[in-house]
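Colleague:
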Amino acid sequence: MSTAQATPTPNSSTAEDAPIGLFDPKAQYERLRTDIDDRVAKVLAAGTYVNGPEIAALEQALAAHGGAAHAVAVANGTDALVMALRAEGIGPGDAVFVPAFTYVATAGAVRLTGATPVFVDVASETCNLDADDLARRIEFVRRAGTLRPRAAIPVDLYGLPADYDAIRDVASAEGLTVIADAAQSFGARRNGRGVGSLAPIGTTSFYPTKPLACAGDGGMLFTDDAERAALWRSLRTHGTDASRTAVALGMNSRLDTLQAAILLAKTPYIEAERQRREALAARYDGALSDIVETAPRAPGCESAWALYTIRTPRRDAVLAALRARKIGAAVYYEAPVHLHPAYAAFGDGPGSLPVAERLSREVLSLPLHAELTEPQVDRVCEVVANTLGS
Ligand SMILES: *Cc1c(COP(=O)(O)O)cnc(C)c1O
240 MSTAQATPTP NSSTAEDAPI GLFDPKAQYE RLRTDIDDRV AKVLAAGTYV NGPEIAALEQ
300 ALAAHGGAAH AVAVANGTDA LVMALRAEGI GPGDAVFVPA FTYVATAGAV RLTGATPVFV
360 DVASETCNLD ADDLARRIEF VRRAGTLRPR AAIPVDLYGL PADYDAIRDV ASAEGLTVIA
420 DAAQSFGARR NGRGVGSLAP IGTTSFYPTK PLACAGDGGM LFTDDAERAA LWRSLRTHGT
480 DASRTAVALG MNSRLDTLQA AILLAKTPYI EAERQRREAL AARYDGALSD IVETAPRAPG
540 CESAWALYTI RTPRRDAVLA ALRARKIGAA VYYEAPVHLH PAYAAFGDGP GSLPVAERLS
600 REVLSLPLHA ELTEPQVDRV CEVVANTLGS
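If you use the numbering used here, the sequence shown corresponds to residues 240 to 629, in order.
Below, the structure is given as structure tokens:
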């Protein structure tokens with residue numbers, strides 16, 4: 240571990256050769272340390288480690304922030320998706336449409352219910368679910384006649400909300416439920432609306448690299464439907480009701496009170512940090528727009544800016560150059576989901592989802608977090624520009 244990361248002082252972070260992290264969760268902790276430490280100590284002293292009052296307080300704060308009537312905190316973003324699907328009665332024999340270009344958890348959650356993931360290509364401009372391809376894939380499934388099309392799970396990749404209007408039109412014509420996988424986009428807005436209200440059901444994750452992060456694993460579900468929220472609350476505690484009778488097959492998937500306490504310390508800064516990342520993204524745009532395809536944007540959307548992801552056919556050369564300069568760039572994702580061995584049986588192999596496959600060869604995420612400085616962004620851009628010869 241580098242000294243520069245252990246002691247994030249202005250001096251070390253702007254030094255010519257100091258490493259630049261893709262994320263910097265420790266620097267954020269240093270900034271909020273007093274409040275986080277106080278809140279954690281309070282929970283430890285109170286002994287309310289499960290279902291402490293911080294859970295309901297966080298659910299209320301994030302429901303309001305996300306624009307949903309109800310929020311239910313759970314153990315992680317994958318469980319949130321599994322619970323959302325199971326609460327709709329989705330399981331074996333059902334088809335659930337997911338983008339081929341996402342973190343494997345989206346498709347994994349579908350498999351964990353026994354349902355079948357059906358991969359849909361993404362739009363090249365946004366890297367998000369392509370509504371026209373969704374319509375085509377639903378038609379294939381209907382014609383094949385073996386699976387019931389039940390749901391679609393658009394993903395807000397890199398923090399940018401998917402095209403929910405177009406997806407809703409396709410889904411409602413086909414009777415599909417839309418579940419927004421907002422694991423990467425908490426804090427984003429689409430047409431002024433928070434990610435808790437982009438679809439009838441929304442889920443998010445508080446994994447340490449997501450835009451709103453706890454110190455470990457955490458997740459949340461969002462809905463305006465009180466009955467649905469009540470069912471989720473039951474499912475996260477073994478499917479039990481208020482009298483502790485098991486009325487459904489549930490799981491043990493609760494957010495720890497300690498994690499809720501940490502998240503409560505961060506909630507006042509969600510929008511300020513998003514705006515800071517947006518300003519840094521604009522700086523990247525300005526320096527890189529002539530030499531690479533800059534990070535995806537979409538009309539009406541304010542991205543959460545979880546990642547700043549460029550596209551270039553010379554991706555591997557740029558990645559190697561950045562790594563040689565100790566700059567924390569990374570590829571999200573090296574392979575589309577249908578080309579992972581565990582999911583190959585649910586796809587049609589190479590060539591079947593061309594945009595997702597091309598993106599996996601061209602994408603590269605550059606450092607982006609609220610503690611990053613302008614000179615650091617400039618240093619990253621210089622390495623990219625030098626490598627691509629402009
Ligand atoms: C991180 C992530 C998940 C899973 O969240 P966890 O909290 O890690 O379980 C699901 N979908 C997407 C798109 C993600 O990025």
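Where is the CB? At the ideal position from N, CA and C, for every residue including glycine.
Remember, it's a predicted structure, so these values are computed and weren't measured experimentally.
Would you say ALA644 and THR442 are within 7 Å of each other, going by their C-beta atoms?
Modeller: The structure shown has nothing for residue 644, since the chain only spans 240 to 629.
Colleague: Determine the burial state of LYS565: buried for a count of at least 16 other Cβ atoms within 10 Å of its Cβ, exposed for fewer.
Modeller: exposed
Colleague: Ligand 1 and VAL422: does any heavy atom of the ligand fall closer than 6 Å to the residue's C-beta?
Modeller: Looking at the sequence shown, residue 422 is not Val but Ala. Yes, ligand 1 has a heavy atom inside 6 Å of this Cβ.
Colleague: Please classify THR548 as buried or exposed, where buried requires at least 16 neighbouring CB atoms within 10 angstroms.
Modeller: Burial of THR548 is indicated by the presence of at least 16 other C-beta atoms within 10 angstroms of its C-beta.
Colleague: So what does DSSP say about ARG387, is it helix, strand or coil?
Modeller: strand
Colleague: Could you tell me if GLN267 is buried or exposed, where buried requires 16 or more neighbouring beta carbons within 10 angstroms of its beta carbon?
Modeller: The Cβ neighbour count for GLN267, taken over all protein chains shown within 10 Å, is at least 16; the residue is labelled buried.
Colleague: Cβ of SER444 versus every heavy atom of ligand 1: is any distance shorter than 6 Å?
Modeller: Yes - ligand 1 has a heavy atom lying nearer than 6 Å to the Cβ of SER444.
Colleague: Helix or strand or just coil, what does DSSP make of PHE340?
Modeller: Three-state result, PHE340: coil.
Colleague: How should GLU255 be labelled, buried or exposed, when 16 other C-beta atoms within 10 angstroms of its C-beta is the threshold for buried?
Modeller: exposed
Colleague: Please confirm whether any heavy atom of ligand 1 lies closer than 6 Å to the CB of VAL394.
Modeller: yes
Colleague: Leaving aside the five residues before and after LEU611 along the sequence, list all residues of the same chain whose C-beta is less than 6 Å from its C-beta, in chain order.
Modeller: LEU519
Colleague: Secondary structure at PRO580, three-state DSSP: helix, strand or coil?
Modeller: helix
Colleague: Going by Cα to Cα distance, which pick from ALA339, VAL311, VAL434, GLU517 is closest to PHE358?
Modeller: Among ALA339, VAL311, VAL434, GLU517, the Cα nearest to that of PHE358 is on ALA339.
Colleague: In the DSSP assignment, the beta strand (DSSP E) including THR442 goes from what residue to what residue?
Modeller: 440-444
Colleague: State the CB to CB distance for the pair ILE294 and ALA308, rounded to an integer number of angstroms; the pair is presumed to be in contact (CB under 8 Å).
Modeller: Their Cβ separation, rounded to whole angstroms, is 17 Å, which puts ILE294 and ALA308 out of contact at 8 Å.
Colleague: Tell me which residues share the same chain as PRO575 and place their Cβ nearer than 8 Å to its Cβ, disregarding the 5 neighbours each side in the sequence.
Modeller: ALA339, PHE340, PHE358, LEU592, ALA595, GLU596, LEU598, SER599
Colleague: Between ASP369 and the rest of its own chain, which residues show a CB-CB distance below 6 Å, the 5 nearest in sequence each way excluded?
Modeller: Cβ neighbours of ASP369 beyond the five flanking positions: ASP360, VAL361, ALA362.
Colleague: Cα separation between ASP495 and GLY316?
Modeller: ASP495 and GLY316: Cα-Cα distance of roughly 14 Å.
Colleague: Note the first and the last residue of the continuous alpha helix (DSSP H) segment covering LEU502.
Modeller: 496-505
Colleague: Note the first and the last residue of the continuous alpha helix (DSSP H) segment covering THR626.
Modeller: 613-626
Colleague: The beta strand (DSSP E) with THR484 in it runs from where to where?
Modeller: Looking at the DSSP string, THR484 is not in any beta strand (DSSP E), and its letter there is neither H nor E.
Colleague: Counting pairs of beta carbons, one from the segment 613-622 and one from the segment 556-572, are three or more of them closer than 8 Å?
Modeller: yes
Colleague: Could you give the uninterrupted runs of the beta strand (DSSP E) lying entirely in the segment 498-567, keeping only those of 3 residues or more?
Modeller: 547-550
Colleague: Verify the contact flag: ASN315, CB atom, against every heavy atom of ligand 1, threshold strictly below 6 Å.
Modeller: It does: the Cβ of ASN315 is within 6 Å (strictly closer) of some heavy atom of ligand 1.
Colleague: Tell me which same chain residues have a C-beta within less than 7 Å of the C-beta of GLY433, skipping the five on either side of it?
Modeller: HIS304, GLY305, GLY306
Colleague: Can you tell me whether THR248 is buried or exposed? The criterion is at least 16 other CB atoms within 10 Å of its CB, across all chains shown.
Modeller: Any answer about THR248 is weak, because its pLDDT of 45 lies below 50 and its placement is not dependable; what the coordinates show is given next. Exposed, because fewer than 16 other Cβ atoms sit within 10 Å of the Cβ of THR248.
Colleague: Using 7 Å as the limit for Cβ to Cβ distance, is MET490 near chain C?
Modeller: Among the protein chains of the structure shown there is no chain C, as only one such chain exists.
Colleague: Regarding GLY435 and ligand 1, is the C-beta to nearest heavy atom distance less than 6 Å?
Modeller: no
Colleague: Under 7 Å, do ALA354 and ASP395 count as touching if we go by C-beta distance?
Modeller: no
Colleague: With 16 other CB atoms within 10 Å as the buried threshold, where does GLY398 fall?
Modeller: Burial is judged here by how many other beta carbons sit within 10 angstroms of a residue's own beta carbon; GLY398 has at least 16 and is buried.
Colleague: Looking at the strands, I want to know which residues DSSP matches up with GLY458.
Modeller: Looking at the DSSP assignment, GLY458 forms a beta bridge with VAL313, SER444.
Colleague: Measuring only the C-alpha atoms, how far is ILE259 from GLY435?
Modeller: 32 Å
Colleague: Along the chain, where does the beta strand (DSSP E) containing ILE418 start, and where does it finish?
Modeller: 416-420
Colleague: Assuming THR462 and ILE440 form a contact by the criterion Cβ under 8 Å, report the distance between their Cβ atoms to the nearest whole angstrom.
Modeller: Between THR462 and ILE440, the beta carbon gap of about 6 Å places them in contact (Cβ cut-off 8 Å).
Colleague: Among HIS608, THR345, ALA348, which residue has its Cα nearest to the Cα of GLU517?
Modeller: HIS608
Colleague: Rounded to a whole number of angstroms, what is the C-alpha to C-alpha distance between ARG350 and LEU578?
Modeller: Annotation: ARG350 to LEU578 spans about 16 Å, alpha carbon to alpha carbon.
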